[in-house]
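Here's the structure, in structure tokens; my notes come after.
6 protein chains.
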Amino acid sequence: MYTVGVRDHIMVAHSLKGEQFGPAQRLHGATYTVTVEVDREELSPLGQVIETSVLRDSLRGVLAEIDYRNLDEHPAFEGKRSTPELIARHIHRELGRKLPVTAGTTLTITLHESPLVWVRYRAPIRGASMLPAEPA
Amino acid sequence: MYTVGVRDHIMVAHSLKGEQFGPAQRLHGATYTVTVEVDREELSPLGQVIETSVLRDSLRGVLAEIDYRNLDEHPAFEGKRSTPELIARHIHRELGRKLPVTAGTTLTITLHESPLVWVRYRAPIRGASMLPAEPA
Amino acid sequence: MYTVGVRDHIMVAHSLKGEQFGPAQRLHGATYTVTVEVDREELSPLGQVIETSVLRDSLRGVLAEIDYRNLDEHPAFEGKRSTPELIARHIHRELGRKLPVTAGTTLTITLHESPLVWVRYRAPIRGASMLPAEPA
Amino acid sequence: MYTVGVRDHIMVAHSLKGEQFGPAQRLHGATYTVTVEVDREELSPLGQVIETSVLRDSLRGVLAEIDYRNLDEHPAFEGKRSTPELIARHIHRELGRKLPVTAGTTLTITLHESPLVWVRYRAPIRGASMLPAEPA
Amino acid sequence: MYTVGVRDHIMVAHSLKGEQFGPAQRLHGATYTVTVEVDREELSPLGQVIETSVLRDSLRGVLAEIDYRNLDEHPAFEGKRSTPELIARHIHRELGRKLPVTAGTTLTITLHESPLVWVRYRAPIRGASMLPAEPA
Amino acid sequence: MYTVGVRDHIMVAHSLKGEQFGPAQRLHGATYTVTVEVDREELSPLGQVIETSVLRDSLRGVLAEIDYRNLDEHPAFEGKRSTPELIARHIHRELGRKLPVTAGTTLTITLHESPLVWVRYRAPIRGASMLPAEPA
């Protein structure tokens, strides 16, 4: 299996409600380094998993919607906590709608919040072509 | 699948018996950067794989038993070599007994011994709740 | 010249007023990796620049005052922007008051806000012993 | 499952034909950081996945054939593009022929071309012992 | 003293004539991670060394001239070796002409060619305002 | 000023006597990542600070004397603590005797003992050519 990965980052504010979160209940922030990995069994005729520039631009497009923002007031996290796990899940869903890949392609999103802690969400995507009627 | 990972490190002395180990047969030492990753299909109601502070504290508790020690004289490695593979296996077993996770959860332990070499042990754990009669 | 360095990090929210800051005018956040370096011409009788645990604990004490907070509402940044340069300056001043080092010791504070951007403030400190009448 | 990983690097020139590659159509170059990971269910009697020095030397032997070269003129890439995916595939094949491991062992080759982009090829190898009639 | 640093990278081909260079005499390539650091005694009224976006864009402009190219055929290195030291010197000179900073500002250019080797050039720049008659 | 830097590492055991060292009083160990930086005002006619292979080989030669050893029993640290500061000082002295550079060249040795702690020793060297009568 072949994989290609790219890295970008976002700088967001948020707070995590619930006493289990300790000091993270307060409004604070994070630089999340975001890596995306795309798996594919066979390469394209060009000898690639996917064109890197397409992957990077698609990722940037998804991240631009949440970058430099307070996620406590962002519609994507209305009514739910913006834990890094759910931010990864959000990026996976949005990128899955944008990437020109076959439904079933596995996409892995990893967020590093510090040198010591990271989260990951890994799952097949349904694929852009399968979602014509769905609002972005 | 969701994953959360945390990083810590230990500084240990040891020697590896057997001429195949070359200079590592001599008493020497290593800083092992230790990463733990916990996999889980669904998130908790809080939107997390596991509380990061619980994972970090549990890992520190396990590492404290071997940190700043000569593993040649440590009971956990009596009668066996303390190769990084077996140190990873040891951390996996001990952490599996401490973590408040369901039996069957996959735990991945990675040790970097230098910028150029690392080892990993990845397996499901039996889970703390299944081990009431077993001595820690 | 000898130097010892340690690393920690903070996760803060803030906004930067002024249209030159573009999207950073919005409330957002950052994980700042904070490194401190202490220079000294001669070592202590123990063969050290400074005890690492003292340096790490002092740094943690200073960072705890701003960690997991919204700097827009923090007294230390009242009436000024919390640019990374000024956060580094703040940490330098506060740490200089706490560290048990001779006045004139050079202290370097470096903040990485992402893998691509960092800032640094480097200057001698006046030293804790010279500041008896000054409120912390 | 146990894994051992090692890291090395190569510095090569190449060009990628096809307008989709944009500026990479021009003759340019890359430092590829190359990591190899070997998986194994059980450890050797010595408590290892594989002897690290054997793995590092085998990898160096494979990389020496392409290191400090222009891949546009290298026989291994005659008639095909030397995309990082295909370089990873090449290293996988050549290393699989050299490593003293059982057929079926999974080998993972990862190439980082910059801090922001990487590729990976992961597959079982056929194993050296199965290839007696094949020229190295 | 305050410093701000930013990172970018280039992917170039080149060869280094002279038998002392061993295998690097052959046409090969490198990913050079390029970091720029700007020093300044006092901050701007905005609390910055220099606007990060201006620094990053200026650096990208300079690097674009040599990125994805064969330096053996680049006018900037006509008649001289493109050692990493001289590439750093080239970037320093070109960036010094573009950056809106006072003459005398110290600029540090660091190139990493691999995880194991890097070079640096550090010197004051003459400053853009002193070079009105010079073609960019 | 030009600088070239290279990286290597050692894996040593040691203990640090004195109750201030806490758990480090016990026999333990460390992987020290060792970086060496050589400064020079002008480049050689080849356009280099120093030949990288010479620098790397000289460093390896110095490190080989302490690598994979228990520093508590090493002659170089007889009667003194092997703190990382003094290991850096030792490497500086030994490398200064080996490197084919002019007396007065500044050499910087940095040891990382973990991702969180490092030390550095920076000073001019007397230079190999000035030390004919001194035993290596």
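Going line by line, the protein sequences match chains A, B, C, D, E and F.
Numbering-wise (this note's numbering), the first sequence opens with residue 9 and increments by one.
Numbering-wise (this note's numbering), the second sequence opens with residue 9 and increments by one.
Numbering-wise (this note's numbering), the third sequence opens with residue 9 and increments by one.
Numbering-wise (this note's numbering), the fourth sequence opens with residue 9 and increments by one.
Numbering-wise (this note's numbering), the fifth sequence opens with residue 9 and increments by one.
Numbering-wise (this note's numbering), the sixth sequence opens with residue 9 and increments by one.
Note that CB positions come from ideal geometry on N, CA and C, so glycine has one too.
If distances are taken between C-alpha atoms only, which option among I117(A), R15(A) and E50(A) comes closest to E102(A)?
Comparing Cα-Cα distances from E102(A) to each of I117(A), R15(A) and E50(A), the minimum goes to I117(A).
When burial is assigned at 16 or more other CB atoms within 10 Å of the CB, is P143(D) buried or exposed?
Bear in mind that a pLDDT of 37 at P143(D), under 50, signals an unreliable position, so the number given afterwards is only what the model happens to contain. Exposed: under 16 other Cβ atoms inside 10 Å.
Short of 8 Å Cβ to Cβ, which residues in the region 61 to 83 of chain B face chain F?
Residues passing the 8 Å Cβ filter: D75, Y76, R77 and N78.
Any beta carbon of chain C sitting closer than 7 Å to that of G26(F)?
G26(F) counts as touching chain C.
Whose Cβ in chain F lies nearer than 9 Å to the Cβ of T118(B)?
Near T118(B) there are no residues of chain F at all, since even the closest Cβ is about 14 Å away, more than 9 Å.
What separation, rounded to the nearest whole angstrom, lies between the Cα atoms of G13(C) and G112(D)?
Computed Cα separation, rounded: 46 Å.
According to the neighbour-count rule (16 or more other Cβ atoms, all chains shown, within 10 Å of its Cβ), is R68(D) buried or exposed?
Exposed, since its Cβ has fewer than 16 Cβ neighbours within 10 Å.
Does V91(C) come within less than 7 Å of chain E when only Cβ atoms are used?
Sequence inspection shows Thr at residue 91(C); the Val mentioned does not correspond to that position. Yes, its Cβ sits closer than 7 Å to a Cβ of chain E.
Would you report the Cα separation of H100(F) and V46(F), rounded to the nearest angstrom?
Approximately 11 Å, taken between the alpha carbons.
What residues from chain E crowd round A1(D), counting only those whose CB sits closer than 9 Å?
Nothing about residue 1(D) can be reported from this structure: the residues present for chain D run from 9 to 144 only.
Contact defined as beta carbons within less than 8 Å: I believe T41(F) pairs with P123(B). What is the distance between those atoms, to the nearest angstrom?
Yes, T41(F) and P123(B) are in contact; Cβ-Cβ is about 6 Å, under 8 Å.
Taking DSSP's pairing of strands, which residues face V44(D) in a bridge?
Bridge partners of V44(D): V14(D) and I117(D).
Are there three or more Cβ pairs, one per stretch, closer than 8 Å when the region 51 to 68 of chain A is compared with the region 19 to 33 of chain A?
These segments do not touch.
Pop quiz: L119(E) and V127(E) are said to be a contact at Cβ under 8 Å. What is the actual Cβ separation, rounded to whole angstroms?
With 8 Å as the limit, L119(E) and V127(E) qualify as a contact, their Cβ atoms being about 5 Å apart.
Whose C-alpha, out of S23(E), V70(E) and H17(E), is nearest the C-alpha of E86(E)?
If we check each option's Cα against that of E86(E), S23(E) comes out closest.
What do you get for T43(A), buried or exposed, if any count of 16 or more other CB atoms within 10 angstroms of its CB means buried?
By the 10 Å Cβ count, T43(A) comes out buried.
Who are the neighbours of E121(B) on chain F, taking C-beta pairs under 8 Å?
Correct list: M19 and T39.
Between the alpha carbons of S52(D) and T60(D), how many angstroms are there, rounded?
C-alpha separation (whole angstroms): 13 Å.
Let me make sure I understand the geometry here. Which of A38(C), P132(C) and L94(C) has the alpha-carbon closest to that of Q56(E)?
Nearest of A38(C), P132(C) and L94(C) to Q56(E), Cα basis: L94(C).
From what residue to what residue does the alpha helix (DSSP H) around A131(C) run?
Unbroken run through A131(C) is the beta strand (DSSP E), V125 to P132; no alpha helix (DSSP H).
When you compare each of V125(C), R89(C), A96(C) and A131(C) to T39(A) by their alpha carbons, which one comes out closest?
That would be V125(C), whose Cα lies nearest to the Cα of T39(A).
So, does the CB of L35(E) fall closer than 7 Å to a CB anywhere in chain F?
Chain F, which has no Cβ nearer than 7 Å to the Cβ of L35(E), makes this no.
Look up S122(E) in the DSSP assignment and say whether it is helix, strand or coil.
Residue state, collapsed to three classes: strand.
How about L107(D) and N78(E): do their beta carbons lie closer than 7 Å?
Not closer than 7 Å, so no.
Roughly how many angstroms separate the alpha carbons of S137(A) and G104(A), rounded to a whole number?
Because the pLDDT of S137(A) is 47, which lies under 50, any placement of that residue in the model is unreliable, and the question is left without a value.
If we cut at 7 Å on Cβ distances, does V127(B) have a partner in chain D?
Chain D, which has a Cβ nearer than 7 Å to the Cβ of V127(B), makes this yes.
For A96(E), count neighbouring Cβ atoms within 10 angstroms of its own Cβ and tell me buried if that reaches 16, exposed if not.
So A96(E) counts as buried.
Name, in chain order, the residues that DSSP records as bridge partners for V20(E).
V20(E) pairs with A38(E).
Shorter than 7 Å from the beta carbon of L94(C) to some beta carbon of chain E?
Chain E, which has a Cβ nearer than 7 Å to the Cβ of L94(C), makes this yes.
When you compare the CB of G13(B) with every CB in chain A, is at least one pair closer than 7 Å?
Judged by the 7 Å Cβ criterion, G13(B) is in contact with chain A.
Just the Cα atoms here: how many angstroms apart are I133(B) and E121(B)?
Going from the Cα of I133(B) to the Cα of E121(B) covers about 24 Å.
Closer than 8 Å by beta-carbon distance: list the chain C residues that pair up with V57(E), in chain order.
Within chain C, the residues near V57(E) are E93 and V127.
Please determine, among Y129(B), L71(B), T11(B) and L54(B), the residue with the shortest C-alpha to C-alpha distance to V20(B).
Answer by Cα proximity: L71(B).
Quick check: I18(C) and D80(C), are their CB atoms within less than 7 Å of each other?
No, they are not a contact pair.
To the nearest angstrom, how far is it from the Cα of S129(F) to the Cα of D16(C)?
Residue identity check: residue 129(F) is Tyr in the sequence provided, not Ser. Approximately 22 Å, taken between the alpha carbons.
Answer with yes or no whether the minimum CB distance from A124(D) to chain A is below 7 Å.
Per the sequence shown, the amino acid found at residue 124(D) is Leu instead of Ala. By this cut-off, L124(D) is an interface position.
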